[in-house]
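Protein chains in written order, with full-length UniProt numbering: chain V, 1 to 219; chain U, 1 to 216.
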């Protein structure tokens, strides 16, 4: 299983791996917002956490379709399905590798983009923390979409559309926790704990659903 | 050790591809599937490998009590049309990954990466990215994958595609070695492979004319 994790990480940083595409997209989206909204610093810092979260959400959806399709194209997926390791575990490891390579860089880049949006230190820290806790849920949900559409040759946009509705709760609680950290009356912990719960819930349900879809994808 | 298939049938979409195929292989035996393109050889291999669900029938594996009842897919190596190797990684990385991921079955004899590459006579190019190799070299390296972890059953789909005559002889020898150690082989191939004790299964495919449909 460690071998699978290492292989997927290596593949994502080699040529054509696409680990940088997501982060470039994230930077592009957030960097153009101030130009579009105008130089109103108060407005920017007010919408900042939401914009950074939306950018990260869309960027995280970007590379999802390749999660299983790359393995299917060269026949590796057949062999991954045949082993005695529980398929759920294999899928979980692939999700972890995908998150480490494609989504963790977004979390790390978010403070820089927070500066673009004139966010305070507390807001930047809160956005980074909520992204760190909430973004694995996006990967686990996305794994189900990626597995369902694995046999479709151009499944990219379809995956995003399939999983977007399920990602909305993550966005809602992520953003409300980030706002709660800066706006005084609202408590930070309740939305943050719900966000944690969503991630843990999908950490169980996502790989199980994806494994079921892969088993039945036979073509 | 015994691999049994009973009354297998498979559909692809609405079309019946084959029906009521049964076979019974014991240690050291090979089954060669022949027949025209589209007659269902690959589909039969996928059904045995557990990658496609049969429309009827079942495949099962019998061995020592501990292994009986294992899903057939877990005792099989499957070499399909595609090589299951990543072009971006070096050959050694590819083989090393499969060696670690496939794991030997208990009592198995998986070779090291170097030994496996030497067995397909390509030990000099382990450091190259897999994508740099020629089609024939890629096929040989995909075959080396069968040697790094032990599985009693080999399911081979056109193993000798893109190979020259010398490499075909090499594959035939490796397959005979595997049979000699008590392994089982099911291969879809048009090469004779020089196997002495091989069963043959001629797949005919379904002729549309037989169903009485008139396409004229």
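Think of the CB as a built atom: it goes at the ideal place given N, C-alpha and C, for glycine as much as any other residue.
CB contact flag (residue i, residue j, <8 angstroms)
{"i": "residue 171/V", "j": "residue 53/V", "result": "yes"}
{"i": "residue 1/V", "j": "residue 89/V", "result": "yes"}
{"i": "residue 23/U", "j": "residue 16/U", "result": "no"}
{"i": "residue 50/V", "j": "residue 175/V", "result": "yes"}
{"i": "residue 123/V", "j": "residue 214/V", "result": "no"}
{"i": "residue 136/U", "j": "residue 162/U", "result": "yes"}
{"i": "residue 155/U", "j": "residue 78/U", "result": "yes"}
{"i": "residue 148/U", "j": "residue 113/U", "result": "yes"}
{"i": "residue 146/U", "j": "residue 91/U", "result": "no"}
{"i": "residue 4/U", "j": "residue 75/U", "result": "no"}
{"i": "residue 38/U", "j": "residue 205/U", "result": "yes"}
{"i": "residue 163/V", "j": "residue 217/V", "result": "no"}
{"i": "residue 18/U", "j": "residue 85/U", "result": "no"}
{"i": "residue 55/V", "j": "residue 22/V", "result": "no"}
{"i": "residue 139/V", "j": "residue 178/V", "result": "no"}
{"i": "residue 78/V", "j": "residue 51/U", "result": "yes"}
{"i": "residue 69/V", "j": "residue 102/U", "result": "no"}
Exposure of residue i, with buried meaning 16 or more beta-carbon neighbours within 10 Å
{"i": "residue 13/U", "result": "exposed"}
{"i": "residue 143/U", "result": "buried"}
{"i": "residue 39/V", "result": "exposed"}
{"i": "residue 101/V", "result": "buried"}
{"i": "residue 190/V", "result": "exposed"}
{"i": "residue 7/U", "result": "exposed"}
{"i": "residue 190/U", "result": "exposed"}
Min CB distance residue i to chain V below 8 angstroms
{"i": "residue 176/U", "result": "no"}
{"i": "residue 139/U", "result": "no"}
{"i": "residue 80/U", "result": "yes"}
{"i": "residue 17/U", "result": "no"}
{"i": "residue 41/U", "result": "no"}
{"i": "residue 73/U", "result": "yes"}
{"i": "residue 97/U", "result": "yes"}
{"i": "residue 168/U", "result": "no"}
{"i": "residue 55/U", "result": "no"}
{"i": "residue 183/U", "result": "no"}
Closer than 8 angstroms to chain U by CB, residue i
{"i": "residue 69/V", "result": "no"}
{"i": "residue 3/V", "result": "yes"}
{"i": "residue 121/V", "result": "no"}
{"i": "residue 75/V", "result": "yes"}
{"i": "residue 7/V", "result": "yes"}
{"i": "residue 226/V", "result": "The question about residue 226/V has no answer here: the residues shown for chain V are numbered 1 through 219."}
{"i": "residue 14/V", "result": "yes"}
{"i": "residue 100/V", "result": "no"}
Cβ-heavy atom distance, residue i to the ligand FAD, below 7 angstroms
{"i": "residue 35/U", "result": "In terms of ligand content, the structure shown is empty, and the ligand FAD therefore cannot be addressed."}
Quiz item: Should the region 110-125 of chain U be called in touch with the region 31-48 of chain U, which here means at least 3 C-beta pairs below 8 angstroms?
Solution: no
Exercise. Identify every run of the alpha helix (DSSP H) within the region 67-98 of chain U, keeping only runs that are complete inside it and at least 4 residues long; order them along the chain.
Key: none
Quiz prompt | Cβ pair count under 8 angstroms reaching 3, the region 111-120 of chain U against the region 183-199 of chain U | solution = no
Exercise. Specify whether the region 142-157 of chain V and the region 200-212 of chain V touch according to this definition: at least 3 beta carbon pairs, one from each stretch, less than 8 angstroms apart.
Key: yes
Exercise. Please determine if the region 188-202 of chain V and the region 32-40 of chain U are in contact, where contact requires at least 3 C-beta pairs separated by less than 8 angstroms.
Key: no
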